[in-house]
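Here's the structure we're looking at; comments come further down.
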Amino acid sequence: MLDRDDDILKAAEDWQKAGHGVAIATVIETWGSAPRPAGSSLVVNDEGTFLGSVSGGCVEGAVVTEALDVISSGVPKMLEFGVGDETAWTVGLSCGGTIRVFVEKVG
Amino acid sequence: MKTATLAEINRERAARRPVIVVTDIGNGEQRVVKAADLAGDPLHTELDRHLRMGRSGTVEIDGRELFLNVYAPTAKLVIVGAVHISQALAPLARSLGYDVTVVDPRTAFASPERFPDVPLIAEWPDVALPPLNIDHYTAFVAVTHDPKIDDPALLHAVERDCFYIGALGSRKTHAARAGRLKAQGVSEAGIARIHAPIGLEIGAISPSEIAVAIMAEITAQLRLPKASAA
Chain F
475 MLDRDDDILK AAEDWQKAGH GVAIATVIET WGSAPRPAGS SLVVNDEGTF LGSVSGGCVE
535 GAVVTEALDV ISSGVPKMLE FGVGDETAWT VGLSCGGTIR VFVEKVG
Chain X
214 MKTATLAEIN RERAARRPVI VVTDIGNGEQ RVVKAADLAG DPLHTELDRH LRMGRSGTVE
274 IDGRELFLNV YAPTAKLVIV GAVHISQALA PLARSLGYDV TVVDPRTAFA SPERFPDVPL
334 IAEWPDVALP PLNIDHYTAF VAVTHDPKID DPALLHAVER DCFYIGALGS RKTHAARAGR
394 LKAQGVSEAG IARIHAPIGL EIGAISPSEI AVAIMAEITA QLRLPKASAA
């Protein structure tokens, strides 16, 4: 269905049980025409494997990089992506929206 | 997120019980609110609103920014009666995100030609319904117009606490049905939970329009606060 996520939180639990470091990135706020609503999330393990989506593909690469950092440091991060900020020329949302993504380690 | 929190979220989701995770954005602190504990929670109003809408979002409480992440089960729609209305209702409900199942023991009605891509069970309600695990996140409609099929189906729906129960039939037909269900032990409160005549009053005539009226009434029941739900 249109508004359904795959069961990525189950995958996160399974990864952790298998001994992986795991982080969860969640869209907590959106402005303008953001591709994925608040609550959308992706999960990342310490090998860089990820499932889910926070932006439909625009900023996933950057989120995974930050998530690997969160997995090693254990310190949560708040990320903001959008056209108009200093990261716009590297990664940004082509639709012109802005999203705030909370990245936290599991455990 | 604590390992135990993740496990708890997954447990509740597997059991099709809604859960809300409240995260303090300032310090990363988290707590899990289960549906059963919602009424007594200090954030009751905000949590209830977000849960009904199935929408996550941030709220500011006493200068703290809190993120409410809502995990609501996918709503199911069980249609008893593979009739003309159901042929319009099933695809409409699917487009709204419901998991749809159609039940009708009459194999001529419950045929794949009439219901492409919809799970069909050509069995009587006493056989078909128990394995469907009908629950509070299920909307239930009985539209065969045949008491032999509709009555036992409605009994099951009332027992399983569906968030919406609707039955086809005029006020007179429904009064007779209420009498039969009462004789079978359904309480007044149980009878009152059955919406009949089914659907919002929008002057619906055709099967497709009746399907719209039914989905409108189901949506109102799912999304509006309890006091003002239709």
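So the protein sequences, as listed, match chains F and X. Numbering follows my numbering, in which position 15 of the first sequence is assigned residue number 489; successive positions increment by one, without gaps. Numbering follows my numbering, in which position 35 of the second sequence is assigned residue number 248; successive positions increment by one, without gaps. We put the beta carbon where it would ideally sit given N, CA and C, even for glycine. Values in this document were obtained by computation on a predicted structure and should not be read as measured data.
Rounded C-beta distance between residue i and residue j? I'm assuming under 8 angstroms.
i	j	result
Gly270 (chain X)	His263 (chain X)	6 angstroms
Asp364 (chain X)	Arg390 (chain X)	7 angstroms
Leu516 (chain F)	Ser527 (chain F)	6 angstroms
Phe513 (chain F)	Thr504 (chain F)	Note that residue 513 (chain F) is Gly in the sequence shown here, rather than Phe. Actually they are not in contact, since the Cβ atoms of Gly513 (chain F) and Thr504 (chain F) sit about 10 angstroms apart, beyond 8 angstroms.
Thr258 (chain X)	Asp317 (chain X)	The Cβ separation is near 42 angstroms, so there is no contact.
Glu487 (chain F)	Ala220 (chain X)	6 angstroms
Leu279 (chain X)	Val235 (chain X)	6 angstroms
Ala306 (chain X)	Met428 (chain X)	6 angstroms
Gln490 (chain F)	Thr218 (chain X)	Between Thr218 (chain X) and Gln490 (chain F) the Cβ distance is about 12 angstroms, and since that is not below 8 angstroms, they are no contact.
Ala388 (chain X)	Leu367 (chain X)	No, Ala388 (chain X) and Leu367 (chain X) are not in contact; Cβ-Cβ is about 14 angstroms, not under 8 angstroms.
Met266 (chain X)	Arg436 (chain X)	6 angstroms
Leu483 (chain F)	Asn223 (chain X)	6 angstroms
Pro325 (chain X)	Leu333 (chain X)	7 angstroms
Closer than 8 angstroms, CB to CB, is residue i near chain F or not?
i	result
Asn223 (chain X)	yes
Ile423 (chain X)	no
Ala295 (chain X)	no
Thr216 (chain X)	yes
Ala303 (chain X)	no
Ala335 (chain X)	no
Ala228 (chain X)	no
Thr236 (chain X)	yes
Leu219 (chain X)	yes
Gly241 (chain X)	yes
Take residue i and list the residues in its own chain whose beta-carbon comes closer than 8 angstroms to its own, dropping the five residues that flank it on each side.
i	result
Leu542 (chain F)	Ala497, Val518, Asp520, Gly522
Glu430 (chain X)	Tyr377, Gly379, His408, Ile411, Gly412, Leu413, Ala443
Gln397 (chain X)	Asp364, Leu368
Ala485 (chain F)	Val517, Leu525
Asp181 (chain X)	Residue 181 (chain X) is absent from the model: chain X starts at 214 and stops at 443.
Counting only the same chain and skipping the five closest in sequence on each side, list residues whose C-beta sits under 7 angstroms from that of residue i.
i	result
Leu345 (chain X)	Val291, Thr314
Ile450 (chain X)	Missing from the structure shown is residue 450 (chain X); chain X here goes from 214 to 443 and no further.
Val371 (chain X)	Ile378, Val399, Gly403, Arg406
Ser299 (chain X)	Ile292, Val315, Val356
Gly540 (chain F)	Correcting the residue identity first, residue 540 (chain F) is Glu in this sequence and not Gly. The answer, listed in chain order, is Lys551, Leu553, Val577.
Val272 (chain X)	Glu259, Leu279, Leu281
Val538 (chain F)	Val518, Gly522, Phe524
Glu560 (chain F)	Unreliable placement is indicated for Glu560 (chain F), whose pLDDT of 47 sits below 50; no coordinate value is reported for it.
Let me make sure I understand the geometry here. Which of the options has the alpha-carbon closest to that of residue i?
i	options	result
Leu413 (chain X)	X:Val425, X:Val283, X:Asp261, X:Ala405	X:Val425
Glu534 (chain F)	F:Gly556, F:Asp488, F:Gly548, F:Ser547	F:Gly556
Arg230 (chain X)	X:Leu251, X:Arg277, X:Ala370	X:Leu251
Gly239 (chain X)	X:Asp275, X:Leu333, X:Leu260, X:Arg224	X:Asp275
Arg268 (chain X)	X:His257, X:Ile233, X:Lys247	X:Ile233
Leu553 (chain F)	F:Val544, F:Val575, F:Pro511	F:Val575
Lys247 (chain X)	X:Arg265, X:Leu256, X:Glu225	X:Glu225
Thr320 (chain X)	X:Trp337, X:Ser383, X:Ala429, X:Glu242	X:Trp337
Asp312 (chain X)	X:His297, X:Glu326, X:Asp330	X:Asp330
Ser308 (chain X)	X:Met266, X:Ala288, X:Arg327	X:Ala288
Ser529 (chain F)	F:Val538, F:Arg510, F:Leu483	F:Arg510
Gly382 (chain X)	X:Pro360, X:Gly310, X:Gln397	X:Pro360
Val544 (chain F)	X:Met214, X:Val283, X:Ala285, X:Ala341	X:Met214
Phe328 (chain X)	X:His297, X:Ala341, X:Asp339	X:His297
Thr351 (chain X)	X:Ala285, X:Arg277, X:Glu401	X:Ala285
Check the Cβ-Cβ distances between residue i and every residue of chain X, and say whether any is below 8 angstroms.
i	result
Pro550 (chain F)	yes
Leu525 (chain F)	no
Val580 (chain F)	yes
Ile573 (chain F)	no
Phe576 (chain F)	yes
Ile545 (chain F)	no
Glu503 (chain F)	yes
Thr539 (chain F)	no
Gly558 (chain F)	A caution first: Gly558 (chain F) carries a pLDDT of 45, below 50, which makes its placement in the model unreliable, though a value can still be read off. Closer than 8 angstroms: no.
Short of 6 angstroms in beta carbon distance, which residues of its chain neighbour residue i, apart from the five on each side in sequence? Order them along the chain.
i	result
Ala301 (chain X)	Pro420, Ser421, Ala424
Ile353 (chain X)	Here residue 353 (chain X) turns out to be Phe, not Ile, going by the sequence shown. The residues are Val291, Ala370, Cys375, Ile378.
Phe322 (chain X)	Ala295
Leu476 (chain F)	Summary for Leu476 (chain F): the model assigns pLDDT 33, below 50, so the residue's position carries little reliability, and this model does not support an answer.
* Please name the residues in the region 269-285 of chain X whose beta-carbon is closer than 7 angstroms to at least one beta-carbon of chain F, in chain order. => Ser269, Gly270, Thr271, Phe280, Asn282, Val283
* Residues of the region 481-497 of chain F with a CB closer than 7 angstroms to any CB of chain X: list them in chain order, please. => Leu483, Lys484, Ala486, Glu487, Gln490
* Asked: Taking a cut of 9 angstroms between CB atoms, which residues from the region 507-525 of chain F lie near chain X?
  -> For the region 507-525 of chain F, the set of positions with a beta-carbon nearer than 9 angstroms to some beta-carbon of chain X reads Pro511, Ala512, Gly513, Ser514, Ser515 in chain order.
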